[in-house]
Amino acid sequence: MKVKSIIKFIPVAVMLAFLAAGCARDTDSSVQAPAAKTMEKKTEADVYTGPIVGKSNKAKTISITVGKGAEAQTMMVKFDDQTEGVEFAKKGEAAIINWEQRGDDKFATVIKPKLAKLPEGVTEIKVDELYQLLEDQVPMTLVDARPALRYNQGHLPTAISIPVPLLKEKKAEVLPEDKDKLLIFYCGGYT
Amino acid sequence: MSTSNAGLAKKLGYTNVRVFLAGEPAWSEEGYPVYASKGFVEKGNIVLIDLRKGDAPVKGRIPRSVQIHYEQLEERMDDIPRNAPVVLYSDNMGEAQDAYEDMKEEGFKTVALVKGNYQGWVESGGAIETGPIYSNEIKWVRKLGKGEVSVAEFKKAVMGDLPDTFVIDARTPEEIKELGIFTNTANIPLDEIPKRMNEIPKDKRIFIHCSTGARADLAYRELIKNDYDVKFLLLNISDPECDCPIIMPE
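Laid out in structure tokens, this is it:
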């Protein structure tokens, strides 16, 4: 793979990069979603946290996935002019929705973006810096953590595919031998 | 998540771990290219475009490709389904890159390049096809996603030709007042579905539509959670493909 082949680009303002919801959604949706009937009573919490499935301005509703894997459920809440932070409910991004019951309906009161927490000793890299590293052919292993289909459809130059479940299973076997070499992970970002 | 991967790598003793949080979408939105895997170019349900000029494709092309010289791309853009994954190749990296950016700007969601262009494909041992080209027509058919009903089956239901089927229009009453409603269809707006569940029969198959499919998708998730046998229509209902009978407002 030649990094040199990226010969031009649009110099655009630095992207706002504060969320990393895409992978969570990708992996969760690969699992059969609706399962737990036994969960019914337990979902009465008044905060939903997870990736936004969709928002309809016409119906004034937001759907959000709560829970992981087989226990994942899509919950629907309404919103109105009083709801704070409706702009943070964007399809594919993780959000925290506080809601309250009003009659038969659940209404969102405050919506906040859920920020990704980086593990200790791990730093974030922005798009322009990554581009420059690839352009300069800095030795690194770039890992696409999305499901294989997404990798196959289109991945970054030089990237290898290691979906999250594979890394969990095979661990260091699928990673480079040299543990001091730069290792960068990415996934589906925010769409 | 890439962050949990990074945490795991750190635990395994990797010392120089970073995360590109914005991910692939941020990369491609900047106009930086992404590359399709070889197997996907060979077998994926894609529109594969050969951007080269003249008779280059006659001498050798990637099987299944359609020739659209870069200069004609703008004209032919409307022949390419917007929701199709598109893969491009050329013999000129500049043109492939320009075409990639043009298509992203046009609103194509999944666009990728062939690694190393046509030369790279040949060098990687990829199969080629030679000889005359008889058709440059784009024949791409979307495969139904999870929970989707085909337009044909949906149409049957609203025509009343599919017994034991209950069709829901998830649009607002205001939209229906203005635009009408399909025959054999009940109106339950998306936001009222949770509290009007008792109006939706459990012993029938449910089809849901709205204006584009976005609300129908959300309504589908709400019903599947409540154990309904349900499918939704992912189609703009003004699309001529639907052509379903409408009861017009008075």
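Same order as they appear, the protein sequences are chains A and B.
Taking our numbering, I'd label the letters of the first sequence as residues 1 to 191.
Taking our numbering, I'd label the letters of the second sequence as residues 1001 to 1250.
The C-beta atom is built at its ideal place from N, Cα and C for all residues, glycine as well.
From Gly1013(B), Ile1176(B), Ile1188(B) and Arg1018(B), pick the residue whose C-alpha is nearest to that of Thr141(A); which is it?
Numbered from 1 along the first sequence, position 141 holds the residue referred to as residue 141(A). For the residues Gly1013(B), Ile1176(B), Ile1188(B) and Arg1018(B), the minimum Cα distance to Thr141(A) belongs to Arg1018(B).
Chain B residues whose Cβ lies nearer than 7 Å to that of Ala116(A):
One-based indexing of the first sequence puts residue 116(A) at position 116. Ordered by position in chain B, the residues that pass the 7 Å Cβ test against Ala116(A) are Thr1003 and Leu1021.
Counting contacts by CB-CB distance shorter than 8 Å, is Tyr151(A) in contact with chain B?
Translated into positions along the first sequence, residue 151(A) becomes position 151. For Tyr151(A), the answer is yes, since a Cβ of chain B falls inside 8 Å of its Cβ.
Look up Tyr1134(B) in the DSSP assignment and say whether it is helix, strand or coil.
On the second sequence, residue 1134(B) is found 134 positions in, with the first residue counted as 1. In this structure, Tyr1134(B) counts as coil in the three-state DSSP scheme.
Does the stretch 96-105 of chain A come into contact with the stretch 170-180 of chain A, if we say contact requires no fewer than three beta-carbon pairs (one atom in each stretch) closer than 8 Å?
In the pairwise beta carbon analysis, the stretch 96-105 of chain A is classified as not touching the stretch 170-180 of chain A: fewer than three pairs are separated by under 8 Å.
Lys179(A) at chain B interface by Cβ criterion, 8 Å:
For the purposes of this step, residue 179(A) is taken as residue 179 along the first sequence, with counting starting at 1. Yes, Lys179(A) lies at the interface with chain B (some Cβ there is under 8 Å from its Cβ).
Examine the Cβ distances between the stretch 1081-1095 of chain B and the stretch 1147-1165 of chain B and report whether three or more of them are shorter than 8 Å.
no
Mind checking who Lys78(A) pairs with in its DSSP beta bridge?
Taking the first residue of the first sequence as 1, we reach residue 78(A) at position 78. Paired residues: Thr61(A) and Phe107(A).
For the 8 Å Cβ check, are there 3 or more pairs between the stretch 1160-1172 of chain B and the stretch 1125-1145 of chain B?
no
With a cut-off of 8 Å on the beta carbons, I'd call Glu1178(B) and Ser1211(B) a contact; round off their distance for me.
Here residue 1178(B) is taken as the residue at index 178 of the second sequence, counted from 1. Here residue 1211(B) is taken as the residue at index 211 of the second sequence, counted from 1. Contact doesn't hold; Cβ gap of about 11 Å is too wide.
Which residues DSSP lists as bridging Gln73(A), in chain order:
For the purposes of this step, residue 73(A) is taken as the residue at position 73 of the first sequence. Val66(A).
I need the DSSP call for Ala1112(B), collapsed to helix, strand or coil.
If you number the second sequence from 1, residue 1112(B) lands on position 112. Residue state, collapsed to three classes: strand.
Extent of the continuous beta strand (DSSP E) to which Trp99(A) belongs
Reading the first sequence from its first residue, position 99 is the one you call residue 99(A). Run containing Trp99(A): Ala94 to Arg102, per the beta strand (DSSP E) assignment.
In three-state DSSP terms, what is Thr141(A)?
Mapped onto the first sequence, residue 141(A) falls at position 141. Three-state result, Thr141(A): strand.
Less than 8 Å separating the beta-carbons of Tyr1035(B) and Lys1156(B)?
In the second sequence, residue 1035(B) corresponds to position 35, counting from 1. In the second sequence, residue 1156(B) corresponds to position 156, counting from 1. Contact: no.
Rounded to a whole number of angstroms, what is the C-alpha to C-alpha distance between Asn1256(B) and Gln1067(B)?
In the structure displayed, chain B extends from 1001 to 1250; residue 1256(B) sits before or after that span and is not available.
Express the C-alpha separation of Phe79(A) and Val86(A) in angstroms, rounding to a whole number.
Here residue 86(A) refers to the residue found at position 86 of the first sequence. Here residue 79(A) refers to the residue found at position 79 of the first sequence. Their backbone Cα atoms lie some 8 Å apart in a straight line.
Amino acids of chain A, ordered along the chain, whose beta-carbon sits closer than 8 Å to that of Thr1110(B)
Position 110 of the second sequence, counting from 1, holds the residue named residue 1110(B). In chain order: Gln153 and Gly154.
Just tell me which of Asp1227(B), Pro1173(B) and Ile1138(B) has its CA closest to the CA of Leu1073(B).
Along the second sequence, one-based indexing puts residue 1073(B) at 73. Closest option to Leu1073(B), Cα to Cα, is Ile1138(B).
Going by other Cβ atoms of all chains shown within 10 Å of its Cβ, with 16 needed for buried, is Asp974(B) buried or exposed?
This structure leaves residue 974(B) out entirely; chain B is present only between 1001 and 1250.
Beta-carbon proximity of Val164(A) to Asn1005(B), cut-off 8 Å:
Reading the first sequence from its first residue, position 164 is the one you call residue 164(A). Reading the second sequence from its first residue, position 5 is the one you call residue 1005(B). The answer is yes: Cβ separation under 8 Å.
Can the beta-carbon of Glu1199(B) be found closer than 8 Å to that of Ile1181(B)?
Residue 1199(B) sits at position 199 when you count from the first residue of the second sequence. Residue 1181(B) sits at position 181 when you count from the first residue of the second sequence. Their beta carbons are not under 8 Å apart, which means Glu1199(B) does not touch Ile1181(B) by this criterion.
Out of Leu149(A), Thr158(A) and Gln153(A), which one is the CA nearest neighbour of Val143(A)?
Here the question's residue 143(A) lines up with position 143 in the first sequence. The residue with the shortest Cα to Cα distance from Val143(A) is Thr158(A).
Interface residues of chain B facing Tyr131(A) [CB-CB closer than 9 Å]:
Counting from 1 along the first sequence, the entry for residue 131(A) is found at position 131. Chain-order list of chain B residues neighbouring Tyr131(A): Trp1027, Glu1030 and Tyr1032, by C-beta distance under 9 Å.
Specify, as a first and last residue, the run of the beta strand (DSSP E) that Val174(A) falls within.
Counted from its first residue, the first sequence places residue 174(A) at position 174. No beta strand (DSSP E) contains Val174(A), which DSSP labels as neither H nor E.
Within 10 angstroms of its Cβ, does Ser1037(B) collect 16 or more other Cβ (buried), or is it exposed?
In the second sequence, counting from the first residue as 1, residue 1037(B) sits at position 37. Buried: at least 16 other Cβ atoms inside 10 Å.
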